[in-house]
Each structure stands twice: as structure tokens, then as C-alpha cells.
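Q: Would you mind keeping the following structure in view while I ask a few things?
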Amino acid sequence: MGRCYGDAALAENVYSTQAFNQVLHFDKDNGTIHCQSGATLDEILELIVPHGWFLPVTPGTKFISVGGAIAADIHGKNHHKEGSFSNHLLSFTLFTSSNETVTCTKQENPNIFWATCGGMGLTGIILEATFQLKKIESVFIRQEVVAANNLKELMQAFEDSSDWTYTVSWLDCFAKGEAMGKGVLFRGEHALTNELPAKKQKLEVPRKPKLNIPFFLPVFTLNRLSIKAFNFLYYRMQISKPNPHFVDYDSFFYPLDSIHNWNRMYGRKGFTQYQLLLPKEISHQGISEVLQIVSKSNYGSFLAVLKLFGKQEQKFLGFPSEGYTLTLDFPINKKVLAMLDELDKIVIKYSGKVYLAKDVRVDKDTFKAMYGNLDKFQEVLKTINPEEKFSSLLSKRVGLAH
Ligand SMILES: Cc1cc2nc3c(=O)[nH]c(=O)nc-3n(C[C@H](O)[C@H](O)[C@H](O)COP(=O)(O)OP(=O)(O)OC[C@H]3O[C@@H](n4cnc5c(N)ncnc54)[C@H](O)[C@@H]3O)c2cc1C
254 MGRCYGDAAL AENVYSTQAF NQVLHFDKDN GTIHCQSGAT LDEILELIVP HGWFLPVTPG
314 TKFISVGGAI AADIHGKNHH KEGSFSNHLL SFTLFTSSNE TVTCTKQENP NIFWATCGGM
374 GLTGIILEAT FQLKKIESVF IRQEVVAANN LKELMQAFED SSDWTYTVSW LDCFAKGEAM
434 GKGVLFRGEH ALTNELPAKK QKLEVPRKPK LNIPFFLPVF TLNRLSIKAF NFLYYRMQIS
494 KPNPHFVDYD SFFYPLDSIH NWNRMYGRKG FTQYQLLLPK EISHQGISEV LQIVSKSNYG
554 SFLAVLKLFG KQEQKFLGFP SEGYTLTLDF PINKKVLAML DELDKIVIKY SGKVYLAKDV
614 RVDKDTFKAM YGNLDKFQEV LKTINPEEKF SSLLSKRVGL AH
């Protein structure tokens, strides 16, 4: 679906799976789904929600394919409790460079299984997949908002909310000094029917009118002043909400999906997203250093999201492991790119990494310094994609192939 932010899905010849989107079997009793890899999360939700099932892990947009979910091993707001997509993936078939179809599970061809999860499409084309869904009683999320005056309080709010299934926070990246990292934490649970009035108990997929940004906004629209004003209003608006309140899952998980062409906000030159992950024990120090640089710049991001990941061993290229992940959007220009090079240095200093599904700029050396398991991934590629038949602009840029 081309929803990764960088060049992972770009190449001289691109295989599209968009027309390869059939659901082959939905077991309504056990909540498993078997589909072709081009099926989107949106299409799957339409089918499963009325039967009381939901996606086990979902990113901030539902317009991605199951193939893309596996290839990036996506994470959601529940990583600290429920892990990434691969945790719920039962099996898939892979079309390899030797024209064979290989079945992979955690037991059968485990190295190919784990190298494909997070392997950004380089092991072959995922054809079909089966994964486990989770039971829900309603389409609503019981949400609470916790205000935090600085980064320390925000991280403490994550710790205090560790029993909640979904946690995510927004922070004001221009807040400085004592207030650096000021923000709000959102925590949520799938609402039970007995918590809701009768009219909200139906398992109906939410449908709302969409906004549209009809043209590219001029670059100056997003400046320090406008972002500061947005941050001020957004913070006030969020902390004034009653605790708890109920929002439908679209509003909770996919706020950007309700705005057509939201990317036009950043102007014609576009934008980049920088998502970093730091080990938990040094996250406060590292993220403070990152925020210091960003808050001094003129290029703060109104989308500044902090999430906590739980434990996850990574054998190959998968992104999530225990720690805090910070995501920032910036309009593209030379000064921003220079600033991101500075941020890379902090990330490497603290043994962190950036997320390949969002990246468009790290070079080979930076990538190698961030992904210690690269050699092991390349060993698997030697067996499954020896002639580099599958490649992408990303794989060539960061040197993913052997
Ligand atoms: C608004 C927004 C919010 C997001 N939020 C999150 C988030 O919270 N968490 C998160 O983890 N990600 C998030 N993402 C990123 C997104 O989930 C991933 O980039 C995902 O991989 C996109 O899926 P896609 O179908 O668009 O794949 P594409 O962008 O088309 O491709 C991504 C990669 O997957 C590979 N691929 C796709 N299909 C196959 C296949 N059938 N076989 C083999 N390889 C394949 C491609 O080669 C490429 O390397 C977000 C993206 C957007 C736009």
C-alpha cells in the first residue's frame, strides 16, 4: 500500500499486491484469519468487527497491507503488553527468488520466518498469511488522559499505566527547561458492553465523514509560532476531557485516516518522519538530549509521539525491543536533514536505532551502527535471496544485501 514513509517500497520494478487481497478463511469461533498478503487492515476490520474480533496489533493507519505489516513487523500502542505483529502471526507462505513457495511458521523454517518479519520484503514475496485476532465486545475504547508536566512525569505515567492494554503519549517538542517533555498520556481498553449505553453496544464499524486538505499548504504554514499555538491548544483540549470517556476505535487508533491528503500539510517538498528507539534504562537521558536539539530548532514537530515498548528479542532486523520510541515529523529541508544527522549520533551513542519503515536517509555506516544483527540477517539472505533478485532503494541505500 506504499504507506511506509521512506523508500522501502520503491525500486526499479515494484511488485504490487493490491489486487491480491482476498480473505481466504475467517474462523469466527477461534478468531483466526487466513488471507492474501495484499488484504488491507481496513478490509479485514470490515469483516471481523461485526463478529466481535479485532486486530491483535495495529499501527496508526488501517490502510496498510498484511504483507506490509509482516515485512515491517509493525507495532501498535499495545507493544508493552502484546508485542508486535509477528507475535500473533501463525504462518505465511513466501515466494522466493528460486521460484519456490516456502511455508514458514515459528517451527517450520524459523530463520526464514524471523528474517521475513521486519525483513522489509527482501526474503521474497509474502503470498498468504494466517494470524490470530483478539476478541472485543464493542467498537469503543475506554480512554483516560493523564497530564504530565515534563518527560520524567510522562515516563512515570507509562510505568503507572503498564497494566493498560494501550498506552501512547503526545508531547510538546518545543517545551523547554523544567517543562521539557510536557505532554499527555492516553491509555485505553476495549470497552465492555456493560460499560456502554445500549445505543453504543452494536458491533458496527464506525463511519465518519472525512476531511480533505485540497492543496499543498505553503511551507511557511508550519513554523515555530503555528506549532507552538497548536501545541498549546492541543494540550488544553486533551486535559479538559473527562476521565474516562469513550471513543470509537477509528478515533483512537487512526486519527490521521480521517483526513484525506494529510501529507499536503507539509507543503510540496514533503516531510520525513524520524522514529528512534532507545534502551529503556537510558531513555530519559537520550530523549532529553534529542528534545533539547529539537526544541532549539525552528523545526519542531506537532506530531511528537512517545511510546513504551516491552521486551522483545530480535534475531534479525525487527525494530521493537524494550525501551522508549519517539516519533517526530519534519518538513524536508537541508537544515532539518542536518539536524537529523545530529540526532543519529545521539541514537548511536545510546545503542538505539531508527525504524526502517519510516526512514529515508540513514547511510550504510549509520545503519550498521544501529542494527547489530545485520550480519545474521545477511546470512539468511544468502540462502533465500542469493542473487539479490529482491531489493529496494532502501536495501541498496543502507546495504541490507550481503
Ligand atoms: C499514518 C501512518 C501511521 C503509521 N503508524 C505506524 C505505527 O504505529 N506502527 C508501525 O509499526 N508502523 C506504522 N506506520 C508504518 C506502516 O505500518 C508500515 O510502513 C507498513 O509496512 C506499511 O504497509 P504497506 O502495506 O503500505 O507496505 P509498503 O509501504 O508498500 O511496503 C513496506 C515494506 O513492506 C514490504 N512488503 C509489502 N508487502 C509485502 C509482501 N507481500 N511481501 C513481502 N514484502 C512486502 C515492502 O517491500 C516494503 O519493504 C504508519 C504509517 C502511516 C502512513
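If you count by our numbering, then the sequence shown holds residues 254 to 655, one letter each, in order. The beta carbon of each residue, even a glycine, is placed where N, CA and C say it ideally should be.
Given that a residue counts as buried once 16 or more other Cβ atoms are within 10 Å of its Cβ, and exposed if not, what is P309?
A: Indexing the sequence shown from 1 puts residue 309 at position 56. Buried, by the Cβ-count rule.
Q: Sorted by chain position, which residues of the same chain lie with C-beta nearer than 7 Å to N484's C-beta, five sequence neighbours on each side aside?
A: One-based indexing of the sequence shown puts residue 484 at position 231. Closer than 7 Å at the Cβ level, and outside the excluded window around N484, lie D425, F427 and F555.
Q: Determine the burial state of I365: buried for a count of at least 16 other Cβ atoms within 10 Å of its Cβ, exposed for fewer.
A: Here residue 365 refers to the residue found at position 112 of the sequence shown. I365 comes out buried.
Q: Please classify S351 as buried or exposed, where buried requires at least 16 other C-beta atoms within 10 Å of its C-beta.
A: In the sequence shown, residue 351 corresponds to position 98, counting from 1. With fewer than 16 other Cβ atoms within 10 Å, it is exposed.
Q: Report whether the distance from the Cβ of H328 to the nearest heavy atom of ligand 1 is below 7 Å.
A: Here the question's residue 328 lines up with position 75 in the sequence shown. Because some heavy atom of ligand 1 lies under 7 Å away, the Cβ of H328 counts as near it: yes.
Q: Apart from the five residues on each side of it in sequence, which residues of its chain come closer than 7 Å, Cβ to Cβ, to D582?
A: Taking the sequence shown and counting its residues from 1, one reaches residue 582 at position 329. Contacts found: F524, Q526, S554 and L556.
Q: Please return the same chain residues whose Cβ sits closer than 6 Å to the Cβ of D612, not counting the five positions on each side in sequence.
A: To locate residue 612, count along the sequence shown from 1; it is residue 359. For D612, where only same-chain residues beyond five positions count, the Cβ hits under 6 Å are G259.
Q: Do G371 and L570 count as a contact pair if the criterion is CB distance below 8 Å?
A: Within the sequence shown, numbered from 1, the residue matching residue 570 stands at position 317. Within the sequence shown, numbered from 1, the residue matching residue 371 stands at position 118. Result yes, Cβ atoms of L570 and G371 sit closer than 8 Å.
Q: Does DSSP put K334 in a helix, in a strand, or in coil?
A: Locating residue 334 in the sequence shown gives position 81, where the first residue counts as 1. Correct three-state label for K334: helix.
Q: Tell whether a beta-carbon distance below 8 Å holds between G576 and L647.
A: Counting from 1 along the sequence shown, the entry for residue 576 is found at position 323. Counting from 1 along the sequence shown, the entry for residue 647 is found at position 394. No, they are not a contact pair.
Q: Report yes or no: do three or more beta-carbon pairs, one from the segment 502-512 and one from the segment 591-606, lie closer than 8 Å?
A: No: the two stretches stay apart, fewer than three of their Cβ pairs being nearer than 8 Å.
Q: Just mark N331 as buried or exposed, buried being the case when its beta carbon has 16 or more other beta carbons within 10 Å.
A: Along the sequence shown, read from residue 1 onward, the residue named residue 331 stands at position 78. N331 comes out buried.
Q: Go ahead and pull the three-state DSSP assignment for H443.
A: One-based indexing of the sequence shown puts residue 443 at position 190. Three-state DSSP puts H443 in a strand.
Q: If contacts are defined as beta-carbon pairs under 8 Å, then V437 and Q491 qualify, I think. What distance do you get, rounded to the angstrom?
A: Within the sequence shown, numbered from 1, the residue matching residue 437 stands at position 184. Within the sequence shown, numbered from 1, the residue matching residue 491 stands at position 238. The pair is a contact, with the Cβ atoms about 5 Å apart (cut-off 8 Å).
Q: Based on the DSSP output, what are the partners of I231 in its beta bridges?
A: Beyond the ends of the chain as shown, which are 254 and 655, falls residue 231; an answer cannot be given.
Q: Can the beta-carbon of S541 be found less than 8 Å from the beta-carbon of K453?
A: Here residue 541 is taken as the residue at index 288 of the sequence shown, counted from 1. Here residue 453 is taken as the residue at index 200 of the sequence shown, counted from 1. Result no, Cβ atoms of S541 and K453 do not sit closer than 8 Å.
Q: Mind checking whether the beta-carbon of S574 lies closer than 7 Å to any heavy atom of ligand 1?
A: Counting from 1 along the sequence shown, the entry for residue 574 is found at position 321. The answer is no for S574.
Q: If I measure Cβ to Cβ from A322 and keep anything under 6 Å in the same chain, skipping five residues before and after, which residues do I get?
A: Locating residue 322 in the sequence shown gives position 69, where the first residue counts as 1. The residues are F338.
Q: L342: beta carbon under 7 Å from a heavy atom of ligand 1?
A: Counted from its first residue, the sequence shown places residue 342 at position 89. Because no heavy atom of ligand 1 lies under 7 Å away, the Cβ of L342 does not count as near it: no.
Q: Classify F468 as helix, strand or coil using the three-state DSSP reduction.
A: The residue labelled residue 468 in the question sits at position 215 within the sequence shown. F468: coil per DSSP, three-state reduction.
Q: Please report how far the alpha carbon of I286 lies from the alpha carbon of L375, in whole angstroms.
A: Numbered from 1 along the sequence shown, position 33 holds the residue referred to as residue 286. Numbered from 1 along the sequence shown, position 122 holds the residue referred to as residue 375. C-alpha separation (whole angstroms): 24 Å.
Q: Using the beta-carbon count (16 or more within 10 Å), is I317 buried or exposed?
A: Here residue 317 corresponds to residue number 64 of the sequence shown, with the count starting at 1. Its Cβ being crowded by 16 or more others within 10 Å, I317 is buried.
Q: As an exercise, report each continuous alpha helix (DSSP H) stretch of at least 4 residues that is fully enclosed by the segment 272-308, in chain order.
A: For the segment 272-308, whole alpha helix (DSSP H) runs of length 4 or above, ordered along the chain, are 294-301.
Q: Just list the residues that DSSP pairs F562 with in beta bridges.
A: Numbered from its first residue, the sequence shown carries residue 562 at position 309. According to DSSP, F562 bridges with G576.
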